[in-house]
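There are 2 protein chains.
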Amino acid sequence: MASSDTNTRPYSGVIFRLKNAGLRPTRQRIALAKLLLASDNRHVTAEALHEEAKNAGVSVSLATVYNALHQFTDAGLMREVVVDSGRSFFDTNTSDHHHFFHEDIGRLEDIPNDQVRVSQLPNAPAGTTVSRVDVIVRVSGLAN
Amino acid sequence: MASSDTNTRPYSGVIFRLKNAGLRPTRQRIALAKLLLASDNRHVTAEALHEEAKNAGVSVSLATVYNALHQFTDAGLMREVVVDSGRSFFDTNTSDHHHFFHEDIGRLEDIPNDQVRVSQLPNAPAGTTVSRVDVIVRVSGLAN
DNA sequence: GTGATTGCAAATCTTTTGCACTAAA
DNA sequence: TTTAGTGCAAAAGATTTGCAATCAC
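So the protein sequences, as listed, match chains A and B. Be aware that the first sequence starts at 1, since it is given in the working numbering, and climbs by one per residue. Be aware that the second sequence starts at 1001, since it is given in the working numbering, and climbs by one per residue.
This is the structure:
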């Protein structure tokens, strides 16, 4: 069971997911995917992920981080969340859910799925289809 | 009824609102306010408003447009809406309402207030207060 | 090998800032 | 006047692009 096949095991989940998404499992993509996709509850900016990769001893350029985040997003492995003009967050939780945005510290937090109910939605304007409904609850510290 | 007091009438609404908001009614602010606040249903970017002002023969710098939009927003005359990373929209409708965002053409549209109902919301995380709840319905053309 | 991927630096885009100039009160 | 407001050009961020070097297959 426990395989001695250390050649493919440790990363295989990530490699599989990348291949499955049509992305060649390069060193950088594997490293970033390991950092990101380990948890299904991460919210990162490109800058932050780049920093994190560096701290983890992984050498990746910022441009590659941007590329990877967009490729992961296009492949459905992540989701982009817009809450703050001027910077994008990427969310490893691809299931249907919504967010708190802490305005004072610039942090995103998932809202458990069952804690928001949108009980009435408008029809999409003629000629369009709804691609997504985002609920953003903006909060700030009491001290503010 | 119809007043002959053309000296104060045409702009008085706008001037009043600016003064009332503590903003000195300068030529540029008056012009921008006239363009914007005439309708309570406008969604503009700074760039677009700058363009519009130029087309209307009003000379304002882009920096002044940014200043004015933020001042109007701080004064509660407008609202900033974030839907698209990398660019801000300003909405002249300050009442409680939500938005469609047409992803393919980058346009915002108000959703009539009674067409969205959020019937359940989470508690704000400890130590925070909700400052706003935004519902964004992202739509795109059928052809996409 | 060979085509996809990466890294770097430069380019782009939006927004902000510093400061001399102008205008409202 | 006096002080707030404006315009310009430069600066600052975030993101993207072009292209030669590098890596996966």
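No residue lacks a Cβ here, since even glycine has one placed at the ideal position from N, Cα and C.
What residue does the beta strand (DSSP E) around residue i start on, and which one ends it?
i       : result
B:L1069 : Run containing B:L1069: none in the beta strand (DSSP E); it sits in the alpha helix (DSSP H), L1062 to D1074.
A:H102  : H98 to H102
A:Q120  : R117 to Q120
B:R1079 : R1079 to D1084
B:T1128 : T1128 to G1141
B:I1111 : R1107 to I1111
Just mark residue i as buried or exposed, buried being the case when its beta carbon has 16 or more other beta carbons within 10 Å.
i       : result
A:D110  : buried
A:I136  : buried
A:D91   : buried
A:R42   : buried
A:S88   : buried
B:L1142 : exposed
B:F1101 : buried
B:R1138 : buried
A:R145  : No information on residue 145 of chain A is available, as it lies outside the stretch 1 to 144 that chain A covers here.
B:T1129 : exposed
B:A1053 : buried
A:A56   : exposed
A:P10   : Low per-residue confidence applies at A:P10: pLDDT is 43, beneath 50, and the placement is therefore not dependable, though the value from the model is reported in the following sentence. Burial call: exposed.
B:F1072 : buried
A:A33   : buried
B:A1038 : exposed
Would you mind reading off the limits of the alpha helix (DSSP H) that contains residue i?
i       : result
B:R1042 : No alpha helix (DSSP H) contains B:R1042, which DSSP labels as neither H nor E.
Is residue i close to chain B, meaning its C-beta is less than 8 Å from at least one C-beta of that chain?
i      : result
A:R87  : yes
A:D134 : yes
A:V137 : yes
Give the interface partners of residue i over in chain B, defined as CB-CB distance under 7 Å, in chain order.
i      : result
A:F100 : P1125
A:R79  : Simply none; closest approach about 12 Å.
Does chain A have any CB closer than 8 Å to the CB of residue i?
i       : result
B:G1141 : yes
B:V1083 : yes
B:L1049 : no
B:G1013 : no
>> So if I threshold CB-CB distances at 9 Å, which residues from the segment 102-130 of chain A count as touching chain B?
In response: Correct list: H102, E103, D104, E109, I111, P112, D114, Q115, V116, R117, V118, S119, Q120, L121, P122, N123, A124, P125, G127, T128, T129 and V130.
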